[in-house]
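Read through the structure below, which is laid out as structure tokens, and then see the notes.
Residue numbers (UniProt numbering): 1 to 263.
Below is the structure:
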């Protein structure tokens, strides 16, 4: 298929995260004809719960947990930074293709990922071990801005959950060149893949060109973006860019579930 015939031909898309997540998304969009520019608008910093994290990782290495969970690829970076050891007898459940890639690249084993669809809700539905009546000891590691979908689902089922904020999500200023490319329309599509990224887009690019596509992935992202006043004209099926925007969002969702940023 020629690039002209691909669904995202003509789009130059800002990818707002780096690492495995950014690599997977960028590859998927390029395969569909887009040009991509990776310029992280968020990064990850040390947790405000460092003492709790260190204690939890010591307990993890000692084999105190039946399971640990992760739905962000950054958790693998945190584990590696702390030289954390996951015993073979401790099961590991992860959600998100980027998360799975990061864990495997770091040398950590994975016991369970959702099969029906790569989402937190699917994991909770398919995770047979959490519905046997036994109380499991589970360690959940997540971001400070995450929605604790998995954590709350396990607590609701009566399990003994230790939840720790493993890292903080912080904003990163875009470079002068990126700002110029966005303001000039050279970058004509922005991928908004989390509430925090929506906040950074609204703060850093307050005057987007009218024809810039703002593609929000995930219900929570959409709600925050709307509250911040980010443009959503292309959400109207009658809008000229509607099909292009839908193709962009669907391309992202084909490789990255929104839950990859939630818990």
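Glycine included, every Cβ here is placed at the ideal spot set by N, Cα and C. No experiment lies behind these values; they were computed from the predicted model shown.
Check your understanding: Relative to the C-alpha of residue 153, which residue among 136, 168, 145 is closest?
Key -> 136
**Study point:** Euclidean distance between Cα positions of residue 166 and residue 181
**Key:** 34 Å
**Study point:** Between the CA atoms of residue 100 and residue 54 - distance to the nearest angstrom
**Key:** When rounded, the distance between both Cα atoms is 23 Å.
Exercise for review: Closer than 7 Å by C-beta to residue 3: which residues in its own chain qualify, once you throw out the five before and the five after it? Chain order, please.
Suggested key: Per-residue confidence for residue 3 stands at a pLDDT of 48, beneath the threshold of 50, marking its modelled position as unreliable; no derived number is given.
Practice item. Look at the alpha carbon of residue 132 and the alpha carbon of residue 150, and state the distance between them as a whole number of angstroms. Key: 17 Å
Review point. Between the beta-carbon of residue 191 and the beta-carbon of residue 16, is there less than 8 Å?
Key: yes
Point to revise | Top-ranked residue by Cα proximity to residue 129, from 112, 227, 140 | key: If we check each option's Cα against that of residue 129, 112 comes out closest.
Practice item. Look at the Cβ atom of residue 143, then the Cβ atom of residue 48, and state whether they are nearer than 8 Å. Key: no
Exercise for review: Tell me whether residue 138 is buried or exposed, calling it buried when 16 or more other Cβ atoms sit within 10 Å of its Cβ.
Suggested key: It is buried - the Cβ of residue 138 has at least 16 other Cβ atoms within 10 Å.
**Study point:** Close-in-space but distant-in-sequence residues of the same chain around residue 185 (CB under 6 Å, 5 per side omitted)
**Key:** Contacts found: 209.
Point to revise | Segments assigned alpha helix (DSSP H), at least 4 residues, entirely inside the stretch 46 to 109 | key: 50 to 61, 74 to 81, 97 to 105
Check your understanding: Is the beta carbon of residue 219 less than 8 Å from the beta carbon of residue 232?
Key -> no
Review point. By Cβ distance, which residues of its chain are closer than 8 Å to residue 178, with the 5 residues on each side in sequence left out?
Key: Cβ neighbours of residue 178 beyond the five flanking positions: 14, 37, 39, 187.
**Study point:** Reference residue 141, options 77, 109, 201, closest by Cα
**Key:** Selected option, being the one with the closest Cα: 77.
Review point. Can you give, in chain order, each stretch of the beta strand (DSSP E) that sits fully within the stretch 134 to 174 and has at least 3 residues?
Key: 137 to 143, 160 to 171
Practice item. Taking 8 Å as the cut-off, decide whether the C-beta atoms of residue 60 and residue 45 are in contact. Key: no
Practice item. Taking only the alpha-carbon atoms, compute the straight-line gap between residue 201 and residue 252 and give it to the nearest angstrom. Key: 18 Å
Exercise for review: Ignore the nearest five residues each way along the sequence and tell me which others in residue 170's own chain have a CB closer than 8 Å to its CB.
Suggested key: 42, 43, 44, 45
**Study point:** Nearest to residue 226 (by Cα), restricted to the options 246, 249, 198
**Key:** 198
**Study point:** N- and C-terminal bounds of the alpha helix (DSSP H) containing residue 121
**Key:** 120 to 126
Check your understanding: Could you give the residue range of the alpha helix (DSSP H) that holds residue 255?
Key -> Where residue 255 is concerned, there is no enclosing alpha helix (DSSP H), given that its DSSP letter is neither H nor E.
Point to revise | Range of the contiguous alpha helix (DSSP H) that encloses residue 179 | key: 176 to 184
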